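So in the numbering used here, the last spot in the sequence shown is 143, and the numbers never skip. Backbone N, C-alpha and C define an ideal beta-carbon position, used for all residues, glycine too. Since we're looking at a predicted model, the values are computed, not measured. So the structure is just underneath, and the comments pick up after that.
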Amino acid sequence: MVFKQIGGKVELNFDMGIFGNACATRVSKALNGAGGLHLIPFYKAIGPNGKFEGQVSSGKNKRWYIFRVKILTKYLTEKYGKPESYSPSEHALKLNNRKGIIVYEVNGWTDATGHADLWDGAKCVFKGYASVSHKVHFWEASQ
Numbered sequence: 001m002v003f004k005q006i007g008g009k010v011e012l013n014f015d016m017g018i019f020g021n022a023c024a025t026r027v028s029k030a031l032n033g034a035g036g037l038h039l040i041p042f043y044k045a046i047g048p049n050g051k052f053e054g055q056v057s058s059g060k061n062k063r064w065y066i067f068r069v070k071i072l073t074k075y076l077t078e079k080y081g082k083p084e085s086y087s088p089s090e091h092a093l094k095l096n097n098r099k100g101i102i103v104y105e106v107n108g109w110t111d112a113t114g115h116a117d118l119w120d121g122a123k124c125v126f127k128g129y130a131s132v133s134h135k136v137h138f139w140e141a142s143q
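This is the structure we're talking about:
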């Protein structure tokens, strides 16, 4: 599992039950793995408790990982600009043969506000959630 691979406080937070949903952490791992301008810095934002505070956790490699989809969406928008947004029914056609980061907005889940993943040009690398999503956001990877 991604939490064990990353180690450090990310793994500790998972072991303590603070983190459960791994998708934002997996996307963070991919961004950090790309390196350079894509490395995630210590990032502050308003969290679910209404406080402006750090929204990242550190791995054993001393890199930062975002662990909430809503915070990841905010970060990606600040870093890479406004995403393209589509309805769940049209996103696969619009994103055909394009690669990047995809976020499915979902209502009704108790443990997350959506799902973040990598899009390989045809599908999500991990798992798609178009069937339960009401909006899909996409940031295209630079070539």
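With a threshold of 16 other beta carbon atoms within 10 Å, D117 meets it and is buried.
Out of T25, A45 and Q5, the CA that lies nearest to the CA of T77 is found in A45. Taking 8 Å as the cut-off, the Cβ atoms of F138 and F67 do not count as close. Taken through DSSP and simplified to helix, strand or coil, Y129 comes out as coil. Around the beta-carbon of W109, fewer than 16 other beta-carbon atoms lie within 10 Å, marking it exposed. I66 carries a strand assignment under DSSP once its states are collapsed to helix, strand and coil. Inside the segment 48 to 119, DSSP marks whole alpha helix (DSSP H) runs of 4 or more residues at positions 69 to 80 and 91 to 94, from first to last along the chain. It is roughly 9 Å from the alpha-carbon of P48 to the alpha-carbon of K70.
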